[in-house]
Amino acid sequence: MKTLEDLHRDALFLHAFAQGVEELFDTIKTESSPASNAMPAFFESLIERASRLQGDIEALDEATRGTRK
């Protein structure tokens, strides 16, 4: 079973990965289409959700730190 620290690291990785993919998408040339036009909003939402997940895991870890062990 993963620890909260493991989950926090996974959320941090997801956030960084999403930011990297967004950067790559911004540097490649794509044909204009409904899908390519939707990608910036998709990346923004994904990055924001990953950031929130990371924060929620941190808060849970801090809240439960005294009750563990």
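Counting in my numbering, the sequence shown runs from 468 upward without gaps. Every residue gets a Cβ at the ideal spot worked out from N, C-alpha and C, and that includes glycine.
1. Taking the C-alpha atoms as reference points, what is the distance between ALA526 and ALA502?
2. Using DSSP with H/G/I as helix, E/B as strand and the rest coil, what is ARG532?
3. Rounded to the nearest angstrom, how far is the Cβ of ILE542 from that of ALA478, given a contact under 8 angstroms?
4. Measuring only the C-alpha atoms, how far is SER512 from THR534?
5. Within 10 angstroms of its Cβ, does ALA508 collect 16 or more other Cβ (buried), or is it exposed?
6. For a test of the three-state rule: what should DSSP assign to THR497, helix, strand or coil?
Here's the rundown:
1. 35 angstroms
2. coil
3. The first residue shown for the chain is 468 and the last is 536, placing residue 542 beyond what the model contains.
4. Rounded to the nearest angstrom, the two C-alpha atoms are 33 angstroms apart.
5. exposed
6. coil
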